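Numbered by our numbering, the letters in the sequence shown go through residues 11 to 583 in order.
Note that CB positions come from ideal geometry on N, CA and C, so glycine has one too.
On a predicted model such as this, the values are computed, not experimentally measured, just so you know.
See structure below.
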Amino acid sequence: MQNIDITLIFEEMADMLEILGGDIYKIRAYRRAALNIKEQAQSLEHIYDGKADNLKEIPGVGDQIAKKIEEILTTGKLKKHDDLLKEVTPEVLEMLRLPGVGPKHVKIIKEKLKLKNIDDLKKACLNDKISKLDGFGEKSQENILASIKDYRKLDKRMNLGEAYELAQDILDYLKESKVKIDRLEAAGSLRRGRESVGDIDILVSLKEPDKLRDYFLKYRHFKTVIANGSTKVSVVTDTDVQVDLRLVDNSCFGSAWVHFTGSLAHNIHLRKIAKFKKLKVNEYGVFDNSKVIAAKKEEDVYKVLDLAYIPPELREDTGEIEAAEIGNLPKLVELKDIKGDLHIHTIASDGRNSIIEMAEAAKEAGLEYIAITEHSKAVKIAHGLDEKRLKNHLKKIDQAQNKVKGLRILKGIEVDIEKDGCLNLDDSILKELDVVIAAIHFRYNLSNQEMTRRILKAMDNKYVNIIAHPTGRLIGQRNPYNLDFEIIFNEARKRNIAMELNSAFDKLDLNDVDCRTAKNANVKIVINSDSHSKEGFSSLKYGIITARRGWLTAKDVLNTLKVDDFLESIKRR
Ligand code: DGT
Ligand code: CA
Ligand code: CA
Numbered sequence: 011m012q013n014i015d016i017t018l019i020f021e022e023m024a025d026m027l028e029i030l031g032g033d034i035y036k037i038r039a040y041r042r043a044a045l046n047i048k049e050q051a052q053s054l055e056h057i058y059d060g061k062a063d064n065l066k067e068i069p070g071v072g073d074q075i076a077k078k079i080e081e082i083l084t085t086g087k088l089k090k091h092d093d094l095l096k097e098v099t100p101e102v103l104e105m106l107r108l109p110g111v112g113p114k115h116v117k118i119i120k121e122k123l124k125l126k127n128i129d130d131l132k133k134a135c136l137n138d139k140i141s142k143l144d145g146f147g148e149k150s151q152e153n154i155l156a157s158i159k160d161y162r163k164l165d166k167r168m169n170l171g172e173a174y175e176l177a178q179d180i181l182d183y184l185k186e187s188k189v190k191i192d193r194l195e196a197a198g199s200l201r202r203g204r205e206s207v208g209d210i211d212i213l214v215s216l217k218e219p220d221k222l223r224d225y226f227l228k229y230r231h232f233k234t235v236i237a238n239g240s241t242k243v244s245v246v247t248d249t250d251v252q253v254d255l256r257l258v259d260n261s262c263f264g265s266a267w268v269h270f271t272g273s274l275a276h277n278i279h280l281r282k283i284a285k286f287k288k289l290k291v292n293e294y295g296v297f298d299n300s301k302v303i304a305a306k307k308e309e310d311v312y313k314v315l316d317l318a319y320i321p322p323e324l325r326e327d328t329g330e331i332e333a334a335e336i337g338n339l340p341k342l343v344e345l346k347d348i349k350g351d352l353h354i355h356t357i358a359s360d361g362r363n364s365i366i367e368m369a370e371a372a373k374e375a376g377l378e379y380i381a382i383t384e385h386s387k388a389v390k391i392a393h394g395l396d397e398k399r400l401k402n403h404l405k406k407i408d409q410a411q412n413k414v415k416g417l418r419i420l421k422g423i424e425v426d427i428e429k430d431g432c433l434n435l436d437d438s439i440l441k442e443l444d445v446v447i448a449a450i451h452f453r454y455n456l457s458n459q460e461m462t463r464r465i466l467k468a469m470d471n472k473y474v475n476i477i478a479h480p481t482g483r484l485i486g487q488r489n490p491y492n493l494d495f496e497i498i499f500n501e502a503r504k505r506n507i508a509m510e511l512n513s514a515f516d517k518l519d520l521n522d523v524d525c526r527t528a529k530n531a532n533v534k535i536v537i538n539s540d541s542h543s544k545e546g547f548s549s550l551k552y553g554i555i556t557a558r559r560g561w562l563t564a565k566d567v568l569n570t571l572k573v574d575d576f577l578e579s580i581k582r583r
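In structure tokens form, the structure reads like this:
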């Protein structure tokens, strides 16, 4: 138990008593104790040393508090605290995390309006109930609402896939309106393809904005309206996602699109460049004194600043503006460049469709070749294959190939890397395969050194061609494992082993930054869907957008090659 934990308990005691209207002297005593404990250089455990009396040397700590600290140090908690928390509830206490909301506010809110949580509080603000309470006003109601928005933003970001699908649905809905629209586009982090998206930004221009605004507000998944002005409408969906619709003038759509695509850092850098040229840039255009010199198209905005057009995925101020100044931006890989998908599961392991069904779906998706890569036996929950089943499965791939025309079906495996770095299948079967991808599925929590050594050991196997989802992360659920990529990339280059960019939107592994590092280390990438069903190929677009954020060109991505060239390119050294 650290001093900071004990401090927090006493702070919460004071807060909860205050919310309940408790004794003012007690409240003060807890606050004073909390402050003094926080400022103690020595650990309380050390001071305590088995005797509550020892604690009384700390200013503000008397008999009562010393006993409570003893209880915390010996049992890990404080019964009085638990009791108060039951009465106040953690949800009500959570309101205190909103900047500008103190215990006195929560006391009034709880007593007068019986609000149970932050969502209730948000509703009360939106229904103008908070401004009417004693001690609050219009301004504080506005501030509370703004704090809730910020707090939720920190709290909850969507996966790129969720954001993409929701935005697509809203855009489709808007396109169906009878009102004539000039331009309709997504902006913000969604357009930049960030792996997580805070809120959805949409830009629209048209002659009759009022008509569209009314139609927009009727979208079936909207729950609350936060703002409804002439240039901006903000709403919250039934899944608590904020959507900002910006109504802009068609004559400055380009500059507005640059502005609302961001990122903020990119915009700031653009403004700096403009200032240097004695120009001004904002959402209404680029201005030379008061004369507009660019506004209609994004390209024009960059052009008058003497910059090459910068694709949205690069707009993070991580060198793209410097590259655009000297005409040195990469020609980023596109979805249509992808010719093969080397990571696919079928009903033989944990997929939902047969080899033939997957092959037909791949053709539909415009691919020229795929590799069937089931799990290996260690991955029991996925019904992984042992040597014998795999041998049999290879015959089924041959049979499927005989039936499917116009798509090459390669023989592969996603072999599990065991804890010691050995592969989960025998070399005698691995050597029969066209493509071996190796991946970790268990025991993620080893040290950086052990994890790195484990992957290096797997790469020692001369049949391995690709390391799949190299960091094992699940966005928002499981952290990437601790790896030394400098070493791994170095060895991968020497041995000609590629790294996967797994396109599943909860994986996106390697991520954008690691892709860029791999590219700079001359390591090749393979963008795979990791499809478990016919629909899985649609994930490739998330892989592509991540690759673009990682500055990758078609040359950096091996599965942009035709099948024979691809097979040649993965030959081991
Ligand atoms: P998010 O929603 O947190 O995932 O990230 P963004 O980048 O979508 O941020 P958002 O929705 O707050 O704003 C959209 C874009 O609008 C942002 O990327 C840049 C632009 N923007 C927002 N606020 C400002 C601002 O105060 N100044 C400037 N120059 N641009 C801003
Ligand atoms: Ca946004
Ligand atoms: Ca926004």
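Handout entry: Straight-line Cα distance separating residue 342 from residue 269
Key = 22 Å
Practice task
Measure the CB-CB distance between residue 483 and residue 517 and report whether it falls below 9 Å.
Solution key: yes
Exercise for the section: With hydrogens ignored, establish whether the beta-carbon of residue 176 is closer than 8 Å to any heavy atom of ligand 5. Expected result: In terms of ligand content, the structure shown lacks ligand 5 and carries ligand 1, ligand 2 and ligand 3 instead.
Exercise for the section: Within the same chain, show all residues whose beta-carbon is closer than 8 Å to that of residue 459, passing over the 5 residues directly before and after it, in chain order. Expected result: Result list for residue 459: 494, in chain order.
Practice task
Please find out if some non-hydrogen atom of ligand 2 comes closer than 8 Å to the beta-carbon of residue 203.
Solution key: Not so, every heavy atom of ligand 2 lies at least 8 Å from the Cβ.
Practice task
Specify the secondary structure class of residue 495 as computed by DSSP and reduced to three states.
Solution key: Of the three classes helix, strand and coil, the one that applies to residue 495 here is helix, per DSSP.
Exercise for the section: Check whether the Cβ atoms of residue 255 and residue 214 lie closer than 9 Å to each other. Expected result: yes
Problem - Reduced DSSP secondary structure (H/G/I, E/B, other) of residue 295 - result: In this structure, residue 295 counts as strand in the three-state DSSP scheme.
Exercise for the section: May I ask which residues mark the beginning and end of the beta strand (DSSP E) holding residue 381? Expected result: 379–385
Practice task
Can you tell me the Cβ-Cβ gap for residue 67 and residue 57, rounded? I've got them flagged as a contact below 8 Å.
Solution key: Taking 8 Å as the upper bound for CB-CB distance, residue 67 and residue 57 are in contact here, some 7 Å apart.
Practice task
Starting from residue 234, trace the alpha helix (DSSP H) both ways and give me its first and last residue.
Solution key: Note, residue 234: premise wrong, no alpha helix (DSSP H); beta strand (DSSP E) at 232–238.
Exercise for the section: Could you tell me how far apart the beta carbons of residue 477 and residue 507 are, in whole angstroms, since I believe they sit closer than 8 Å? Expected result: 6 Å
Exercise for the section: Quick one: which unbroken alpha helix (DSSP H) runs of 4-plus residues sit fully inside the stretch 441–492? Chain order, please. Expected result: DSSP runs (the alpha helix (DSSP H)) wholly in the stretch 441–492: 458–470.
Handout entry: Own chain, CB closer than 6 Å to residue 253, minus 5 neighbours either side, in chain order
Key = A distance below 6 Å between beta-carbons, with the five flanking residues on each side excluded, links residue 253 to the following residues of its chain, in chain order: 210 and 245.
Exercise for the section: With a threshold of 16 other CB atoms inside 10 Å of the CB of residue 423, please say whether the residue is buried or exposed. Expected result: buried
Practice task
Could you confirm whether any beta carbon from chain B is found closer than 9 Å to the beta carbon of residue 243?
Solution key: In the structure shown, chain B cannot be found, because there is only a single protein chain.
Practice task
Can you grab the Cα-Cα spacing for the pair residue 262 / residue 323, in whole Å?
Solution key: 22 Å
Exercise for the section: Just tell me which of 446, 447, 489 and 475 has its CA closest to the CA of residue 456. Expected result: For residue 456, the nearest C-alpha among the options comes from 489.
Practice task
With a 10 Å radius around its C-beta and 16 neighbouring C-beta atoms as the bar for buried, classify residue 412 as buried or exposed.
Solution key: exposed
Handout entry: Contact set for residue 504: own chain, Cβ-Cβ below 8 Å, skip 5 residues either direction
Key = Same-chain partners within the cutoff: 583.
Handout entry: For residue 491 and residue 454, the rounded distance between their alpha carbons
Key = Rounded to whole angstroms, residue 454 to residue 491 spans 6 Å at the Cα level.
Practice task
Leaving aside the five residues before and after residue 450 along the sequence, list all residues of the same chain whose C-beta is less than 6 Å from its C-beta, in chain order.
Solution key: 427 and 482
Handout entry: Span separating the alpha-carbon of residue 145 from that of residue 55
Key = 42 Å
Handout entry: When 550, 433, 283 and 26 are compared against residue 92, the one with the closest alpha-carbon
Key = Of 550, 433, 283 and 26, the residue nearest in Cα terms is 26.
Exercise for the section: Quick one: which unbroken beta strand (DSSP E) runs of 3-plus residues sit fully inside the stretch 394–435? Chain order, please. Expected result: Within the stretch 394–435, the complete beta strand (DSSP E) runs of at least 3 residues are 418–426.
Problem - Residue environment, residue 338, which counts as buried when at least 16 other CB atoms sit within 10 Å - result: exposed
Problem - Residue ranges of each alpha helix (DSSP H) within the stretch 70–115, 4 or longer - result: 73–85, 89–98 and 100–104
Handout entry: Near ligand 2: residue 546 beta-carbon under 8 Å from a heavy atom
Key = no
Problem - Residue range of the alpha helix (DSSP H) that includes residue 537 - result: First-last for residue 537: 535–538, but that is the beta strand (DSSP E), not the alpha helix (DSSP H).
Exercise for the section: Drop a sphere of 10 angstroms on the beta-carbon of residue 530, count the other beta-carbons inside from all chains shown, and report buried for 16 or more, exposed for fewer. Expected result: exposed
Handout entry: Nonlocal neighbours in the same chain, by C-beta distance under 6 Å from residue 28, ignoring five residues either side
Key = 37 and 113
Problem - Cα-Cα separation, residue 200 to residue 311 - result: 21 Å
Problem - DSSP three-state assignment for residue 527, whether helix, strand or coil - result: helix
Exercise for the section: Measure from the alpha carbon of residue 392 to the alpha carbon of each residue in 407, 380 and 452, then state which is nearest. Expected result: 452
Handout entry: 8 Å contact criterion, which residue 212 and residue 176 should meet: CB distance rounded
Key = 11 Å between Cβ atoms; not a contact.
Practice task
Return helix, strand or coil for residue 141, following the three-state DSSP convention.
Solution key: coil
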